[in-house]
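The opening residue of the sequence shown carries number 0 in numbering that gives the first Met the number 0; numbering runs sequentially from there.
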Amino acid sequence: MAMRLHRLICVLLTALGVAPVLADSSRNNPTMDWLPPAVDWQDAQTLILTLDDYWYQPNDIELTGDQPYRVVLNNVSDVSTHDLVDLAFFHAVVLYKVNVDGIELVTPHIHNISLRPNSKATLYLVPKVAGEYEVFCSVPGHREEGMDGLVTIIEPGSPR
Ligand SMILES: [Cu+2]
């Protein structure tokens, strides 16, 4: 149902001439086969994303396709749970694993990661599908307060 709604919204936005800015990769299905052979996670670039009331810092991120990243999500709010959501974005990357408070979850794919106040999670991921993806916090009211950001995935070897 949510998927159909998402498509309907995409169709409506396309009709309005708005959607082409953002990539829709929500039909992709990331699997471990997407990982480049012999990824060296020691060499992964670390990106620290701070979450607070009500923003991400940085909120405009560029990732290069096929490069391994260690994305540390750090919710520094003392009071609020925050998350990071976007169907199209999470279908455009492949996860190797997720580490939450020392517990590792091995999965190629999630839709949403939620962090309690003063908690951290690390996503080990490889971006795969070039495009621009708007990510946001789905806790009611937070996106309206401005808690969103743009992640751009560029093709490997593209000029910056
Ligand atoms: Cu939030």
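Glycine residues also receive a C-beta, built at the ideal position from the N, C-alpha and C atoms.
Go ahead and pull the three-state DSSP assignment for residue i.
| i | result |
| --- | --- |
| residue 140 | coil |
| residue 87 | helix |
| residue 56 | strand |
| residue 39 | coil |
| residue 163 | Past the edges of the chain, shown from 0 to 159, lies residue 163, and the structure says nothing about it. |
| residue 82 | strand |
| residue 18 | Its pLDDT being 41, under 50, residue 18 is placed unreliably in this model, and the coordinates cannot settle the point. |
| residue 45 | strand |
| residue 146 | coil |
Could you pull the DSSP bridge partners for residue i from this structure?
| i | result |
| --- | --- |
| residue 61 | 151 |
| residue 161 | The question about residue 161 has no answer here: the residues shown for the chain are numbered 0 through 159. |
State the start and end residues of the unbroken beta strand (DSSP E) segment that holds residue i.
| i | result |
| --- | --- |
| residue 70 | 68–74 |
Return the Cβ separation of residue i and residue j in integer angstroms, given the expectation that the two are a contact with Cβ distance under 8 Å.
| i | j | result |
| --- | --- | --- |
| residue 34 | residue 125 | 6 Å |
Note down, one range per segment and in chain order, each alpha helix (DSSP H) of at least 4 residues found wholly within the region 88–135.
-> none
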